[in-house]
Each structure stands twice: as C-alpha cells, then as structure tokens.
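What follows is one structure encoded as structure tokens, with my remarks underneath.
Residue numbers (full-length UniProt numbering): 1 to 314.
Here's what the structure looks like:
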C-alpha cells in the first residue's frame, strides 16, 4: 500500500513579493520583540559564560549578584543592538525559511518525494535562510556582547558599534561570523525542524474532523507546546557555539585562524564549560521560540498573508 498522502491535493503556493514582505515584517517584529524582552536573561547568561566572578552562580543568584553590584539597569545592557540585530535577522530568517522551503519542495517535484525528503527540506531551508540572516546579525551581536561583557565600553548601540568598527574594522565586526553560524544554524534547525515535526505528530493523531473543528484555544496550545519543545532543542544544539561566540567577542583565545581559535577554546573549556549557562538559556530560548511562532502567525494573519506551505506526512 502506498504511503503517498491522499487527504490533500499537492499545491505549491505562488507567494508574491507582497507575501514575502509580510513574512519578513512578521518575522522581524516577532524576533525583535521576543529577543528584546529576553535581554535581562541574556545578560545574566552571557556573564555566567564569560566572567569568572559569575562561574559559581546559577541564573537567580547571578541575577541578584548583578543587580547588587551594578544596579537594575545593568539587566538591559545591550538592548539596542539586540532589538535592531534581531529585527533584521528575524525578518530574513522567517521570510527566507518560507522561500527556501518552497524552492526545495518545487525541486522535489511531487508530493510523495517532498514528504519522503521533508527532513532534508526542513534542514536545508533553515540552514540557508539562517546563513544569509547571520550576515545582517553578526556585527550587531558582536556589539551586544562587547557591551555586556565590558562594563563602560560604550553608552549604547551607536557608540558601541562605532567604537568597535573604528578599533577593529570589518574584521572585528565579523570576527564572530563562523561561530555565530555554528550557533545560529543549529538553533534554526532546532527551531523550525522540531516545530514542524511536533505539529506533524499532533496532526497525525487527529481525525480530519478534529483538525477542521479545532478551537482557537487548542490551536494556541499546540503552537505553544510545539514552540517550547523546539526552543529546548534549539538551545541544546546551539549552546556550545554560543559559549564560544561570547569568548571570541571578548577577545579570548589564542591568535591564529578562527577555526584554530575555536578549537583551542573548546578544548580549554571542556564539555562542562561549553554548556555553562545552559539552564537559563533553555528557559530563555523556550520563551523566545514559542512566543516567536505565536506572534509570527498572529502578525501574518493580521497582514493577510497566506499560510505556510505544509509537507507533513499524514
């Protein structure tokens, strides 16, 4: 008996430039809002990763220590580059994922082939979309990490970016490009691929009648649960590179090629060091990813954008 899905006709949507503009705007807004809101958690996480004084602390104790020593305003360090960086990166990532998933499905040519190779399609679309998005993100992420890791480095986004560019030039702004790819591509893979499969698993256990009559509350619960699980996966897959990125942007490690520096830092940190701060980052990432998907769908709907292309196995 054929495994070829029969419930729905195979129709590849013809997204217009307006549709992709809506995808970009929805992705930009959901990412900048979610990452901006998570700035305090990210500040504490980064300190635990790179500041020896924070090594003994967990998230709660680290937050108390930061406030006691630098005041509550320290929790918003790097908010500017975080908001602007993820405005650009989020738009490019979400719109890019929609574009590349559609492109790879078109290459597959028919529904059975697309469903058979859906994992490769998800992985490929997430990876390519993230690569181009990271070209926009890297300089602003370098600025954010420098602001967080060096108290008094600059007063905000513009002064921090200007100082980093004048002191190190393009090479310093993009010093973290390789490690940020190593971080963000696994992150995007976890975010999109796990979310797709969570929805697929849920839908495969529903009747057609249940799918058609799902309440808004049920849809919200499915999106929230899938986003949380995808967020955990994204955090675990990307955390070692996230730790190395923080170290690189603070200037740690030997001189030499980026690959050599990453290898040396990884050996120095060991497995335990590479996963330092994973707990708070899992909390942060679960909140980020789940809120992003909820906002992305809501903003797309408000903009009148079409639904995403689905290639789930039924």
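Just so you know, even glycine gets a beta-carbon here, dropped at the ideal spot from N, CA and C.
Pull up the distance between the alpha-carbon of residue 164 and that of residue 126, whole angstroms please. 30 angstroms
From residue 224 to residue 292, what distance separates their C-alpha atoms? 10 angstroms
Looking at the structure shown, is residue 279 part of a helix, part of a strand, or coil, going by DSSP? helix
Own chain, CB closer than 6 angstroms to residue 26, minus 5 neighbours either side, in chain order: 296, 299, 300
Assign residue 259 to buried or exposed, taking buried as 16 or more other Cβ atoms, counted over all protein chains shown, within 10 Å of its Cβ. exposed
In chain order, what residues of the same chain lie with their CB nearer than 8 angstroms to the CB of residue 138, ignoring the 5 residues before and after it? 173, 174, 176, 177, 180
Residue 304 in three-state terms, based on DSSP: coil
Proximity below 8 angstroms, CB of residue 46 to CB of residue 145: yes
Where do the N-terminal and C-terminal ends of the alpha helix (DSSP H) with residue 138 fall, by residue? 118-149
Please state the DSSP three-state secondary structure of residue 236. helix
How many angstroms separate the CA atom of residue 207 from the CA atom of residue 119? 24 angstroms
Residue 14, buried or exposed, once every other Cβ within 10 Å from all chains shown has been counted against 16: exposed
For residue 215, the three-state DSSP class (helix, strand or coil): coil
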